[in-house]
Structures are given as C-alpha cells and as structure tokens.
Amino acid sequence: MYAMWRLQVALCTLSVLSLSSAGESKARSCSETRQAYNAKGFSLVNVPHQEISGEHLRVCPQGYTCCTSEMEDKLNQQSKLEFEKLVEESSHNMRTTFVSRHKKFDEFFLELLDNSEKSLNSMFTQTYGKLYMQNSEVFQDLFTELKRYYTGGNVNLEEMLNDFWSRLLERMFQLLNSQYHFTDDYLECVSKYTDLLKPFGDVPRKLKAQVTRAFIAARTFVQGLMVGREVANRVAKVNVVPACVKALTKMLYCPYCRGMPGLKPCHNYCHNVMRGCLANQADLDAEWNLYIDAMLLVAARLEGPFNIEAVIEPVDIKISEAIMTMQSNSVHVSAKVFQGCGQPTPSGIGRSARGISDVFSARFRPYTPEERPTTAAGTSLERLVIDIKEKLRESKKFWSNLPDDICAKGKLTESDEDQCWNSHTKGRYFPEVVKEGLTNQVNNPEVDVDITRPDTLIRQQIMALRVMTNKLKNAYNGNDIYFQDSSDEGSSSGSGSGCSDGCTTEFVFVGTEAPVIGADRSNERAAAAAAGKSFSRGPSLLLVLAALALPLWAMQTRWR
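Each residue of the sequence shown is one higher than the last, beginning at 80 in this note's numbering.
This is the structure in structure tokens:
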C-alpha cells in the first residue's frame with residue numbers, strides 16, 4: 080500500500096515538473112527581439128519580455144510571439160520603407176550614370192559649338208576685317224540656330240542651312256555689284272538662284288549633309304540619355320501595394336516576432352517576394368533593352384560617319400572655301416541673275432578702287448590643333464562616347480535582374496539554405512521560384528499579385544522608351560522626327576531635317592519638342608539691303624577675295 084502511494088506521488092511530481100518545463104519552453108525570452116526592435120529606433124514600452132499568445136497577429140504566424148499588434152503595424156511600415164530604400168540603393172549607380180553622362184555630353188557639345196563660333200569669328204575678323212564685322216550677324220545666326228536645334232528648338236536643319244546660304248548670297252551679290260541698287264523683291268529673286276547656279280560650289284550640299292546627320296545623331300543621343308535618366312528615376316520610386324507590404328513584413332520581420340531577429344530569409348524565398356513586388360518593373364525590361372540597343376547604334380554613328388567633332392571644328396574653312404568659289408564665279412553668277420531677274424537700277428556710286436591693304440591685316444588661317452580651344456573637360460567625342468557605351472551595356476537587363484541584386488546571398492539573404500527563415504520557421508524553403516514579369520505572378524506563393532491591373536506609371540514609361548527608341552532608330556539612318564509637345568492639342572506630326580516619307584510618329588509621354596516650323600525671314604531683307612548700302616561705300620569684295628584665292632586654295636584639300 081505504502082509502495083503504491085509513493086508511486087502515485089512520484090508520478091504526480093513528474094507530471095508537475097513536466098508541465099512546468101513545457102510552460103517554460105513555450106514562454107521563451109524576447110530579449111533578442113527587444114534589443115533588435117529598439118535598434119530600429121522603436122520604443123520598448125509595452126514590448127513583451129517573454130513570448131505571449133499570438134492570436135492578434137494579422138501577418139506573422141499566430142503561435143507564441145514576441146510581437147504585439149502595435150509592433151506588427153510598425154514593422155509593417157518599416158518593411159515598406161526599407162524596400163523602397165533597397166530599390167533606390169540598388170538602382171543608384173545606374174541612375175547617377177545617366178545623370179552624369181547626360182551632363183557631360185551636353186557640356187561637351189555646347190562647348191564644341193562655342194569654340195567653333197569663336198574660331199570662325201576670330202579668323203574671319205582677321206581676314207575680312209570690316210566686311211565680316213558688318214555682316215557677322217549672318218554667321219552668328221547660323222550658330223544660334225544650331226544651338227537652338229540641339230537644345231530642342233523648333234528648327235528645321237535643312238531649311239535653316241538653305242536660308243544661311245541664301246542670305247550669304249544676297250550679301251555677297253550686293254558687294255560684288257555695289258554700283259547697283261537692289262530692292263527687296265530683287266534680292267528675293269537673287270536667292271532663288273542659289274540651287275540653280277550653285278554659286279558656292281558643292282560646299283553647301285556637303286556641309287548640309289554632314290551637319291544634318293551629325294546634329295540629328297547628337298541631339299537624339301543626348302535626348303536619349305535624358306529619357307533614360309527620367310525613366311530610371313521614376314521607376315526606381317516603387318509603388319508598394321498592400322499585398323507586397325504584407326509579404327515583405329513576413330519575410331523581413333516575422334523572425335523578430337518568433338524571437339529570432341538575426342535570422343535572414345532564404346534565398347529563393349526572397350526571390351519570390353521580390354519578383355512579386357517588382358513584377359511591373361520587370362515588364363519594363365524588354366523595352367529598356369531595345370532602347371539601350373538603339374542608343375548603342377547611334378553611339379557607333381557618333382564615333383564614325385556622324386562625328387560631330389569632325390564636322391564642326393573645320394566649319395570656318397568650309398565656309399571660307401564657299402566664299403572663294405563665289406568670288407571666282409561672280410561674273411557668271413551676276414550675268415545669269417541679271418538675265419533672269421532683270422537689269423538692276425544703278426546706284427550712282429561706282430565700285431571702289433581702293434587697294435586691298437586698307438582692309439586686310441592678315442591672311443585667313445585657321446587654328447592649329449594646339450591653338451584650338453579645348454573641349455569640355457579636355458576630353459574628345461571618341462573618349463566620351465566609348466565611356467557612355469560601356470555604361471549603357473552595363474545597364475542592359477537591369478530591371479529583370481533587380482530582384483537578383485536585392486536578394487544577393489550574404490547581403491539580404493542567408494547563404495545556408497537550411498539555416499534561413501522560410502516564411503514560418505528556420506529551415507529550407509521548398510517552393511519553386513516563379514519567373515519574372517506580371518503575368519508569371521499568378522502562381523507566386525508569397526505575394527498575391529493582381530495580374531489584371533498593370534501599374535499605370537510603368538506602362539507610361541514603357542511608352543516613353545518605345546517613342547525614344549523609334550527616334551534613335553531614325554537618327555541612326557540620318558532621319559529626324561518631330562513630335563508635338565504633350566501640352567499641345569491635336570495629333571502628332573512627323574517632319575524635319577532629313578525625314579523621309581517613311582518616318583513614323585508616336586505620342587510622346589516625356590519631354591518632347593513641338594512641331595517644326597519654317598524659318599522666319601521677315602525683316603531680313605531690309606537688314607540685308609541696309610548692309611548692302613554700307614558695303615557699297617567700302618572696297619570691292621571681288622578685289623579683296625582675289626587676294627585670298629591662292630593662300631586659301633591649299634586649304635581645300637583638308638575637306639576633300
């Protein structure tokens with residue numbers, strides 16, 4: 080009997096000890112969670128010291144937990160902020176590359192134009208003296224319009240260049256025939272002979288072809304860098320939907336609630352969460368890659384046949400050669416014009432017979448390579464384009480690879496697949512990783528993605544890239560496309576320098592230029608006539624340019 084009683088007492092004691100031990104195992108300490116939670120900047124007020132029942136949790140597992148409802152809400156918001164930061168940081172290098180290269184190319188090109196204008200102004204002032212200074216606005220307007228075109232102005236390059244040669248013909252025709260008075264109507268008739276008589280030889284045709292192709296390529300390329308910059312900046316500011324926030328919290332902070340704040344998520348688990356949250360960004364990738372390929376094509380053109388540096392630097396020599404050709408053809412040109420436009424009225428002022436020494440103090444001499452001003456940051460177009468091409472190649476497939484970059488092992492995830500957080504405990508993650516893209520998220524086990532509702536902003540950026548890619552492809556072929564500004568009403572129109580009938584247009588979502596308009600030549604006739612009168616009191620350009628023919632003849636080989 081006594082033995083039986085002792086056995087019962089022993090069994091009761093063992094039962095009590097067992098229950099006590101089980102209670103202790105369930106109510107584990109939350110000290111590590113408290114420490115990690117406080118390190119995030121949160122207050123420890125009302126944070127449990129030991130695990131509590133987790134029926135109140137809406138995201139994390141509802142077993143015994145170290146999290147209150149308030150803690151879960153705060154960690155929910157923290158997950159959203161950290162995800163936004165992860166995307167920003169992962170795309171930072173790519174985004175800053177577009178910003179810096181756009182700025183560099185823009186500075187280079189504008190300084191190249193400034194240097195070319197300074198070179199022409201300096202050399203023509205030394206060579207032609209007052210004759211040039213009295214007509215310098217013709218050349219200044221040329222560079223002003225080139226800059227306006229490059230910066231997105233409504234300039235038709237072919238029309239603008241044709242207009243430049245017409246104005247130059249009118250001015251020179253008055254100088255060569257200063258004994259006559261010319262009305263505005265007569266000068267209008269004179270300009271019509273620019274194409275027929277080719278008074279400047281083949282220079283206008285060659286220069287127009289070179290300038291048009293090079294400027295189209297350069298402007299479209301810098302616009303492409305700008306569009307890439309804007310698209311990347313917009314897409315990097317992710318729209319985090321509630322389903323994504325829930326999945327992020329479960330992955331990043333539910334280990335806190337389970338008392339394991341140092342436990343990192345499994346690699347494949349992270350992939351599924353990120354591919355769900357970045358599904359729309361991945362859909363941008365196909366159009367982004369086509370855009371990068373088109374940028375590389377235009378970059379190759381800038382290195383070769385459309386090299387703007389090779390076109391702009393010797394422009395002073397090319398224009399001077401055209402002036403020489405006009406001077407040598409002046410008798411023939413004047414006779415044909417008089418025949419077609421009629422005999423002009425004598426001005427009563429004879430042609431000047433003063434010596435050329437009163438006008439010239441130096442022969443025309445372009446800058447040597449050592450004297451010519453350096454371009455932006457002392458670089459060259461070739462070095463600049465090579466650098467940009469390298470960075471462009473690095474950015475291919477960026478958006479589809481973004482989940483891989485964020486979930487890099489050792490960075491955000493655990494490299495040991497058996498010692499990682501698998502969404503509910505420590506252990507291996509078994510579900511398969513879904514493919515990238517919105518439609519592939521229908522079977523995502525971690526993020527409930529609505530594949531029927533694509534992100535509007537992402538679709539807009541896809542359209543912006545598509546439009547830019549179309550422009551780049553046309554620029555590669557030497558064609559230009561002008562788009563109606565998005566603030567204007569009406570349909571888009573396609574026209575412009577070198578644009579064939581096959582040019583296509585599309586609606587532009589970001590930063591486009593308005594339709595091209597014809598160059599306004601109002602008030603130029605009066606100015607030209609006034610300048611012609613002032614020239615009539617000076618020396619004869621025919622005599623002046625005759626002195627230049629021999630020393631300048633040798634320079635012609637540089638262009639040919």
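All C-beta atoms, glycine included, are put in the ideal place defined by N, C-alpha and C. Keep in mind it's a predicted model, so treat the numbers as computed, not measured.
Using the C-alpha atoms, what's the distance from residue 530 back to residue 144?
34 Å
Between the alpha carbons of residue 185 and residue 418, how many angstroms are there, rounded?
One C-alpha to the other measures close to 49 Å.
Mapping the DSSP letters down to three states, classify residue 129 as helix, strand or coil.
strand
For a quick check, are the C-beta atoms of residue 380 and residue 181 less than 7 Å apart?
no
Contact between the segment 283-292 and the segment 386-398 is defined here as three or more beta-carbon pairs at a separation below 8 Å; is this criterion met?
yes
Using the C-alpha atoms, what's the distance from residue 385 back to residue 408?
31 Å
Using 8 Å as the Cβ pair cut-off and three pairs as the minimum, do the segment 487-507 and the segment 331-351 touch?
yes
Please look up how many angstroms separate the CB atoms of residue 140 and residue 503, rounded, as I've assumed it's under 8 Å.
5 Å
When we look at the beta-carbon of residue 465 and count the other beta-carbons within 10 Å, is it buried (16 or more) or exposed?
Residue 465 comes out exposed.
Using CA atoms only, rank isn't needed, just tell me which of 216, 297, 332 and 207 is closest to residue 152.
332
When the Cα of residue 642 is compared with those of 367, 352 and 118, which residue comes out closest?
With the chain represented from 80 up to 639, any question about residue 642 goes unanswered, as that position is not in the structure.
Every unbroken alpha helix (DSSP H) within the segment 349-380, with a cutoff of 4 residues, ordered by chain
Along the segment 349-380, the alpha helix (DSSP H) occurs as fully enclosed runs of 4 or more residues at 358-362, listed in sequence order.
Identify whether residue 459 lies in helix, strand or coil by the three-state DSSP scheme.
coil
Can you tell me which of 558, 557 and 548 puts its alpha carbon nearest to the alpha carbon of residue 303?
It is 548.
Please look up how many angstroms separate the CB atoms of residue 541 and residue 363, rounded, as I've assumed it's under 8 Å.
6 Å
Can you check whether the CB of residue 173 is closer than 7 Å to the CB of residue 479?
no
Between the CA atoms of residue 159 and residue 325 - distance to the nearest angstrom:
9 Å
Alpha-carbon to alpha-carbon, residue 347 and residue 108:
Going from the Cα of residue 108 to the Cα of residue 347 covers about 30 Å.
Rounded C-alpha distance that separates residue 336 from residue 501
14 Å
Residues near residue 602 by beta carbon distance below 8 Å, same chain, minus five either side:
In this prediction, residue 602 has a pLDDT of 42, which is less than 50 and means its spatial position is unreliable; nothing more can be read from the coordinates.
In the DSSP assignment, find the alpha helix (DSSP H) that holds residue 500 and state where it starts and stops.
No alpha helix (DSSP H) contains residue 500, which DSSP labels as neither H nor E.
Give me, in chain order, the residues of the same chain whose beta-carbon lies closer than 6 Å to that of residue 170; leave out the 5 immediate sequence neighbours on both sides.
Excluding the 5 residues flanking it on each side, residue 170 has same chain C-beta neighbours closer than 6 Å at 315, in chain order.
From residue 118 to residue 515, what does the alpha carbon distance come to, in whole angstroms?
34 Å
Could you have a look at residue 146 and say whether DSSP puts it in helix, strand or coil?
For residue 146, the secondary structure class from DSSP, reduced to helix, strand or coil, is coil.
Closest by CA to residue 287, which one among 231, 398 and 506?
It is 398 whose Cα lies nearest to the Cα of residue 287.
Just to confirm, are residue 413 and residue 214 a CB contact at a threshold of 7 Å?
no
Which residue marks the beginning of the alpha helix (DSSP H) containing residue 266, and which one marks its end?
263-270
What residue does the alpha helix (DSSP H) around residue 226 start on, and which one ends it?
First-last of the alpha helix (DSSP H) with residue 226: 215-229.
Is the number of C-beta pairs between the segment 197-210 and the segment 232-242 that are closer than 8 Å three or more?
With the cut-off at 8 Å, the segment 197-210 and the segment 232-242 do not touch.
What is the DSSP secondary structure of residue 399, reduced to helix, strand or coil?
helix
Does residue 383 pass the burial test, meaning 16 or more other C-beta atoms within 10 Å, or should it be called exposed?
exposed
Whole-angstrom distance between residue 339 and residue 124, CA atom to CA atom:
Looking at the two C-alpha atoms, the distance is approximately 20 Å.
Give me the DSSP bridge partner(s) of residue 345.
DSSP output for residue 345 lists 493 as bridge partner(s).
Sort out for me which residues DSSP pairs residue 260 with in a bridge.
Bridge partners of residue 260: 424.
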